[in-house]
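Peer 1: So the sequence shown is numbered by the working numbering: it starts at 12 and just counts up by one. Built from N, CA and C at the ideal position, the CB exists for glycine as well.
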Amino acid sequence: AARAFHLSPMPFDVQRVLLAALRGPASAFVSVDPHRPVTEETLDEWREALADADAFFPGEDELLLDGAHADPRLVSGRLRFVVFKRGATGGILFDARDERFYTWDARTAAVVDQTGAGDAFSAGLILAHLAGLPIETCLQRAVVTASFAVAGWGPEALLAATHTEAEARWRQWYGREEER
Numbered sequence: 012a013a014r015a016f017h018l019s020p021m022p023f024d025v026q027r028v029l030l031a032a033l034r035g036p037a038s039a040f041v042s043v044d045p046h047r048p049v050t051e052e053t054l055d056e057w058r059e060a061l062a063d064a065d066a067f068f069p070g071e072d073e074l075l076l077d078g079a080h081a082d083p084r085l086v087s088g089r090l091r092f093v094v095f096k097r098g099a100t101g102g103i104l105f106d107a108r109d110e111r112f113y114t115w116d117a118r119t120a121a122v123v124d125q126t127g128a129g130d131a132f133s134a135g136l137i138l139a140h141l142a143g144l145p146i147e148t149c150l151q152r153a154v155v156t157a158s159f160a161v162a163g164w165g166p167e168a169l170l171a172a173t174h175t176e177a178e179a180r181w182r183q184w185y186g187r188e189e190e191r
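1. Secondary structure at residue 47, three-state DSSP: helix, strand or coil?
2. Rounded to a whole number of angstroms, what is the C-alpha to C-alpha distance between residue 192 and residue 125?
3. Give the single residue among 71, 29 and 153 whose Cα lies nearest to the Cα of residue 130.
4. Can you tell me whether residue 160 is helix, strand or coil according to DSSP?
5. Let me make sure I understand the geometry here. Which of 158, 139 and 185 has the alpha-carbon closest to that of residue 172?
6. Output the distance between the C-alpha atoms of residue 4 and residue 164, rounded to the nearest integer angstrom.
7. Of the choices 96, 114, 156 and 45, whose alpha-carbon is the least far from that of residue 60?
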């Protein structure tokens, strides 16, 4: 009965089985973080598997197609978002429904440990999307969430963050009161 499922990096065959199991007309939002790189050789298999997902969150070491960040060849089926994470340099989101690219810059108060930043970014974006916020705001919330993840060792800083602190950081960085 969950509203969303995020498939962490794991063997491709396992991800493919899980994606098929989550398939359905009234299914929850499903996102995938790859373990197996997307290359010219694996593109067709990824396209087939991602047809059952809503979002795909590859990083620079996982999306190895020439020009893939500007060429939405991965999109098929219900896949709406391809979110190309580039760590400290931000990233690019392709929204297949609107056929539009969005970029974001990474921001943080401090970097202590980068472990988990991508997962925190993904969670922030998914939760904001499920709340019905515009894509730009979803990306901003994802950046804020990731900024807490990198502020301490392991999950400690992210787990210690409060909603009030996240809202304050969002307003400070993006200067917005609306869409909270």
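Peer 2: Put simply:
1. coil
2. No information on residue 192 is available, as it lies outside the stretch 12 to 191 that the chain covers here.
3. 153
4. helix
5. 158
6. The structure shown does not extend to residue 4, since the chain is modelled only from 12 through 191, so no value can be given for it.
7. 45
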